[in-house]
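Q:
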Amino acid sequence: MSNTRIDTATLLTLTFVVSFCSFAYEFVYSELLTVMYGGTVTQYVITVGLYFFSLGIGAALSDDLDGANLGGNFFRTEVLLAAAAPAGFLLIVGLNSVRIPQAVPAEVIWTVARLPVVVVGFLSGFELPLLTRMFDELGDDGSATPSWLRTAGARIHDFVVAAVGTLWTVERTEGRRSGLSVILAMDYVGGLAGAVVYARVLYPGLGLIPTIFVLALLNGVAALVFVAHFGEWSWWPFSDAAPSASPASSASAAHGGNATDSARADRSLSAARVSKTLLVVCLLLTATYAGVVAKHDVADERLSQLYLEQQIENEYPPGAMRATVTSQETTAYQHVIRYNRTWTGTGPNPHFDGRTEQCLRLGAAVQLCESWADSYHRGLVDVPMSLVEPGPETKVLVVGGGDWIAIDHLREYGVTVDHVDLDGEFMRDAKTDPFFGRWHDDAHEYDRLNTTVADGYRYLQETNETYDLVLLDVPGATDDDLLTLYSTEFYRSVRTHLSEDGVAVTWGYSPDAYPEHHKAFVNTVGAAGFTQELSYWVREDLDDDGETERVEQFYVLAPGDRPRLTGDGATRYVRAREEHYGSAEWHAVPHYRGVRENSIFHPNYDILVDT
3 MSNTRIDTAT LLTLTFVVSF CSFAYEFVYS ELLTVMYGGT VTQYVITVGL
53 YFFSLGIGAA LSDDLDGANL GGNFFRTEVL LAAAAPAGFL LIVGLNSVRI
103 PQAVPAEVIW TVARLPVVVV GFLSGFELPL LTRMFDELGD DGSATPSWLR
153 TAGARIHDFV VAAVGTLWTV ERTEGRRSGL SVILAMDYVG GLAGAVVYAR
203 VLYPGLGLIP TIFVLALLNG VAALVFVAHF GEWSWWPFSD AAPSASPASS
253 ASAAHGGNAT DSARADRSLS AARVSKTLLV VCLLLTATYA GVVAKHDVAD
303 ERLSQLYLEQ QIENEYPPGA MRATVTSQET TAYQHVIRYN RTWTGTGPNP
353 HFDGRTEQCL RLGAAVQLCE SWADSYHRGL VDVPMSLVEP GPETKVLVVG
403 GGDWIAIDHL REYGVTVDHV DLDGEFMRDA KTDPFFGRWH DDAHEYDRLN
453 TTVADGYRYL QETNETYDLV LLDVPGATDD DLLTLYSTEF YRSVRTHLSE
503 DGVAVTWGYS PDAYPEHHKA FVNTVGAAGF TQELSYWVRE DLDDDGETER
553 VEQFYVLAPG DRPRLTGDGA TRYVRAREEH YGSAEWHAVP HYRGVRENSI
603 FHPNYDILVD T
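As numbered in our numbering, residues 3 to 613 make up the sequence shown, in order.
(1) Using the C-alpha atoms, what's the distance from residue 138 back to residue 132?
(2) Rounded to whole angstroms, what's the CA-CA distance from residue 463 to residue 421? Just pull it up for me.
(3) Might you give, ordered along the chain, the residues of its own chain that have their beta carbon closer than 7 Å to the beta carbon of residue 2, omitting 5 neighbours on each side?
(4) DSSP state of residue 45, grouped into three classes?
(5) If I follow the unbroken beta strand (DSSP E) through residue 342, where does it start and stop?
(6) Pull the bridge partners of residue 583 from the DSSP assignment, please.
(7) Would DSSP call residue 22 helix, strand or coil?
(8) Taking Cβ positions, are residue 419 and residue 389 nearer each other than 7 Å?
(9) Note down the Cα distance separating residue 27 from residue 385, rounded to an integer number of angstroms.
(10) Who are the near neighbours of residue 383 in its chain, counting only those whose CB is closer than 7 Å to its CB and skipping five residues on each side?
(11) Classify residue 14: buried if its beta carbon has 16 or more other beta carbons within 10 angstroms, exposed otherwise.
(12) Check each candidate in 475, 559, 19 and 541 and name the one with the smallest Cα separation from residue 228.
(13) Could you have a look at residue 230 and say whether DSSP puts it in helix, strand or coil?
(14) Leaving out the 5 sequence neighbours to the left and right, which residues in its chain are closer than 8 Å to residue 552 when beta-carbon positions are compared?
(15) Using C-beta distances below 8 Å, list every residue in its chain close to residue 561, excluding the 5 sequence neighbours before and after it, in chain order.
(16) Touching or not, the stretch 186 to 195 and the stretch 60 to 68, by the rule of three or more beta carbon pairs under 8 Å?
(17) Rounding to the nearest angstrom, what Cα-Cα distance links residue 122 and residue 281 in this structure?
(18) Locate the alpha helix (DSSP H) running through residue 454, then write down its first and last residues.
(19) Do residue 323 and residue 2 have their beta-carbon atoms positioned less than 7 Å apart in this structure?
(20) Report the residue ranges of all beta strand (DSSP E) runs contained in full by the stretch 494 to 576; include only those spanning at least 3 residues, in chain order.
(21) By how many angstroms is the C-alpha of residue 160 removed from the C-alpha of residue 168?
(22) In terms of alpha-carbon separation, which member of 231, 40, 522 and 211 lies closest to residue 593?
(23) Tell me, to the nearest whole angstrom, how far the beta carbon of residue 458 is from that of residue 402; I am working on the premise that it is less than 8 Å.
(24) Which same chain residues, not among the five before or five after residue 417, have their C-beta less than 6 Å away from its C-beta?
(25) Do you know how far the Cα of residue 291 is from the Cα of residue 215?
(26) Please classify residue 358 as buried or exposed, where buried requires at least 16 other C-beta atoms within 10 Å of its C-beta.
(27) Can you tell me the Cα-Cα spacing of residue 428 and residue 232, whole angstroms?
(28) How many angstroms separate the CA atom of residue 442 from the CA atom of residue 405?
(29) Do you know how far the Cα of residue 569 is from the Cα of residue 587?
(30) With DSSP as the reference, label residue 113 as helix, strand or coil.
(31) Could you tell me the boundaries of the alpha helix (DSSP H) in which residue 78 lies?
(32) To the nearest angstrom, report how far apart residue 536 and residue 211 are at their CA atoms.
(33) As a quick exercise: from 94, 583, 88 and 558, pick the residue whose alpha carbon is nearest that of residue 36.
(34) How would you call residue 104, buried or exposed, if buried means at least 16 neighbouring beta carbons within 10 angstroms?
(35) Under a three-way DSSP split, which group does residue 282 fall into?
(36) Within 10 Å of its beta-carbon, does residue 239 have 16 or more other beta-carbons around it, so buried, or fewer, so exposed?
Structure representation (structure tokens):
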């Protein structure tokens, strides 16, 4: 095989690799910003827009790079990308792990969190023009291009030309394609591969943290391969002597003077020294990333654990609580985190001093803590059961509740339960997990229970059942995947499947703590046809001081008039706390001006996710 053929194949391979990394970086940052700030569509759209804008700026400025030092510039670009991409990743994580003074404007934090996207996009913009110019200088007449690529390219070209020819007038051209067309074709192939491998292999198999180091490792390896293979070329200044002039610089010298050549030689000597330093940096980075990738499970666990612990602690007053992550796993639908939280006694409630309890988070939302697990589910189940008759003739639908605890409470009333949850893996693990077993008491074996692993919205679209009680045991709308369960369309389906006297129950955003979320929620259920609401708080003596505290707020929704909670059918739990629930009254569902309801086709991102 000729040297030109080998050089061409190497450049094309490098093009594939760097394009693979470039596209995958874009998706890593998009997903990371989604995890940190919520709003999948918002983060992906802004990230992609910033990335391509920066890519274009880098490509436009690439013409100003020294044409006699193409290889050196390409090498520097790869080393800088290998260093900048993980550093930017850690910067974004750091912004969400430390307490930032309230005096710092949110716009400043927003801008800083997206600077890594701009930097990586800008550096990636240099790659394609540099590779194209080097490809052109190889003098490839087309025969050096690998036969498989020539054949595939020719077939694709013929197909595209034939398709285009149905609408436009085309003229077939013969002869050698420009370096740009060949490099661009390989760039697109690499980009597609990066997208597919990221979505199907890297992210689901490794997670975000190991993936960023895999991509940085590939950039480092690409730089080292380039050094090893092209070290002798004219556009690679890796010796203490000035390199021989490239074809482009020779043509310039014929019309210039010795001063220009001398200045260029001085720049080349300086570039050589910088390149040697960067070579050492590249070797160190590549070795470090290789170690991280080899121990990716350990790296992922330790880095994510540090972030999660700091993030949890930041939700409380400074020094009030210490968090320790005990385990974490990712199912197909959510990140499941177990942690212990210990109250240090420096917070607003001294009664919690020294208390430690185990908690569960699903993604960014706290799902369960030992101190209020019972009270939450009593509020979700035992209070609204006052509005329906106990017994097997009563049909209850539970949407969510994959921990089976709500099912255990319903079992006490002997009702028939249809249970729908999307995450079958989480539900399966919760059956035998001692942490959940303390509360669900093997409720999954209840003989009047029918469990379906499915999306709650789709289930309601397909079933013909009607229910006396619908319990929505779902987390807050922290990301796009959950917006459907807070949409007008979903609540309209819930209303449609209620029996004549049926009601729906869900936890809700407090109007005091989350006023805009509350308004969007109320307007959404109102638009779905619910005309009456009854709100109540679950109260519990959490700190053993003899007084009950508010734990969670719930809403009962109905399309018409319904009895009071403390009527003849009140449950034992409600009768024992009549002083709290006796004052709960039904009210007409209000409508708030200036706040749009949430719809599947017009989601209220600005409130439900972005804030």
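Don't be surprised by glycine CBs; every beta carbon is placed ideally from N, CA and C.
A: With the structure as the only source:
(1) As the crow flies, the alpha-carbon of residue 132 is around 10 Å from that of residue 138.
(2) 15 Å
(3) Given a span of 3 to 613 for the chain in the structure shown, any question on residue 2 remains unanswerable.
(4) Three-state DSSP puts residue 45 in a helix.
(5) 337 to 345
(6) Answer is none; residue 583 lacks a bridge partner.
(7) helix
(8) no
(9) The straight-line gap from Cα to Cα measures roughly 49 Å.
(10) 408, 411, 412 and 473
(11) buried
(12) 19
(13) helix
(14) Hits under 8 Å: 539, 540 and 541.
(15) If we look at residue 561 and ignore the five residues flanking it on each side, its Cβ neighbours are 497, 500, 531, 532, 533 and 534.
(16) no
(17) 20 Å
(18) For residue 454, there is no enclosing alpha helix (DSSP H); the enclosing beta strand (DSSP E) covers residues 451 to 455.
(19) It is not possible to answer for residue 2, since the shown part of the chain is limited to 3 through 613.
(20) Here the runs fully enclosed are 500 to 509, 534 to 542 and 551 to 560.
(21) Cα to Cα, residue 168 sits roughly 13 Å from residue 160.
(22) The closest CA to that of residue 593, considering only 231, 40, 522 and 211, is found on 522.
(23) 7 Å
(24) 396 and 398
(25) 6 Å
(26) exposed
(27) When rounded, the distance between both Cα atoms is 52 Å.
(28) 7 Å
(29) 12 Å
(30) DSSP places residue 113 in helix when its eight states are reduced to three.
(31) 72 to 97
(32) When rounded, the distance between both Cα atoms is 45 Å.
(33) Residue 94 is the option with its Cα nearest to residue 36.
(34) exposed
(35) helix
(36) At residue 239, the pLDDT of 49 sits below 50, so the modelled position is not reliable; the number obtained from the coordinates is stated separately. Buried.
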